[in-house]
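Student: When you read off a place in the sequence shown, starting at 1, and then add 59, the result is the number in the working numbering. Note that CB positions come from ideal geometry on N, CA and C, so glycine has one too. If you're wondering where the values come from, they're calculated on a predicted model, not measured in any experiment.
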Amino acid sequence: MRFLYLRDPLFLTALVLFLVNRWLLKPLVVGGFVHNHFNDLLCVPLFVPIVVLIAHVCRARPHNGPPELYEILLPLFVWSIQYEILFPQFAYTSQGVTGDPLDILWYSIGAGISALWWQFYYRRQTTC
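1) If you follow the alpha helix (DSSP H) that L100 is part of, which residue opens it and which one closes it?
2) Please confirm whether D162 and D99 have their CB atoms less than 8 Å apart.
3) Go ahead and label F97 buried or exposed: buried means 16 or more other beta carbons lie within 10 angstroms of its beta carbon, across all protein chains shown.
4) Quick one: is I131 buried, meaning 16 or more other Cβ sit within 10 Å of its Cβ, or exposed?
5) Using only the alpha-carbon positions, how far apart do R182 and M60 sit?
6) Report the CB separation of D69 from S139 in whole angstroms; it is logged as a contact under 8 Å.
7) Does the beta-carbon distance from V103 to G169 come in below 8 Å?
8) Among the residues of its own chain, which have a CB less than 8 Å from the CB of I144, if the five just before and after it don't count?
9) Expressed to the nearest angstrom, what Euclidean distance is found between the alpha-carbon atoms of Y180 and N123?
10) By the DSSP assignment, the alpha helix (DSSP H) with T72 in it spans what residues?
11) Return helix, strand or coil for R120, following the three-state DSSP convention.
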């Protein structure tokens, strides 16, 4: 089945959860998971569909199926290195950026959930 990109149910759920977290939960909840890691969990399901859509539009993606494992892992590795190792090192990028190894764990959990969802959802759709 054709990947739905910005209409994918996981992407839309992650988008709604991000907005709820940003505008409702963070003002009400002090610290903890909501402030420190919830957005990290949403990073892959929220941004990978955008990245693969851009690749599709640029004709750099050879198919219209759900994201391949490398299309999930590559952003996971790049974002982990960029936001948790490199950016905190430099004064001009470190404002508001704190390197936290637990963020990588939450990126990875989000990536795992996303990979399983996309494999299950789109495989199920093709067999129906």
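Tutor: On the basis of the data shown:
1) Residue 100 sits at position 41 when you count from the first residue of the sequence shown. Per DSSP, L100 belongs to the alpha helix (DSSP H) from F97 to V116.
2) The count along the sequence shown starts at 1 and reaches residue 162 at position 103. The count along the sequence shown starts at 1 and reaches residue 99 at position 40. Yes.
3) As a first step, residue 97 is located in the sequence shown; it is residue number 38 there, counting from the start. Buried: at least 16 other Cβ atoms inside 10 Å.
4) For the purposes of this step, residue 131 is taken as residue 72 along the sequence shown, with counting starting at 1. That one is buried.
5) Start at 1 with the first residue of the sequence shown, and residue 182 comes out as number 123. Start at 1 with the first residue of the sequence shown, and residue 60 comes out as number 1. In a straight line, the C-alpha of R182 is about 7 Å away from that of M60.
6) On the sequence shown, residue 69 is found 10 positions in, with the first residue counted as 1. On the sequence shown, residue 139 is found 80 positions in, with the first residue counted as 1. The displayed chain sequence assigns Leu, not Asp, to residue 69. 20 Å between Cβ atoms; not a contact.
7) For the purposes of this step, residue 103 is identified with residue 44 of the sequence shown, where counting begins at 1. For the purposes of this step, residue 169 is identified with residue 110 of the sequence shown, where counting begins at 1. Yes, they are a contact pair.
8) The sequence position of residue 144 within the sequence shown is 85, counting from 1. Cβ within range, chain order: G158.
9) Start at 1 with the first residue of the sequence shown, and residue 180 comes out as number 121. Start at 1 with the first residue of the sequence shown, and residue 123 comes out as number 64. Answer to the nearest angstrom: the Cα atoms are 15 Å apart.
10) Taking the first residue of the sequence shown as 1, we reach residue 72 at position 13. Residues P68 to V79.
11) In the sequence shown, the residue the question calls residue 120 occupies position 61. R120: coil per DSSP, three-state reduction.
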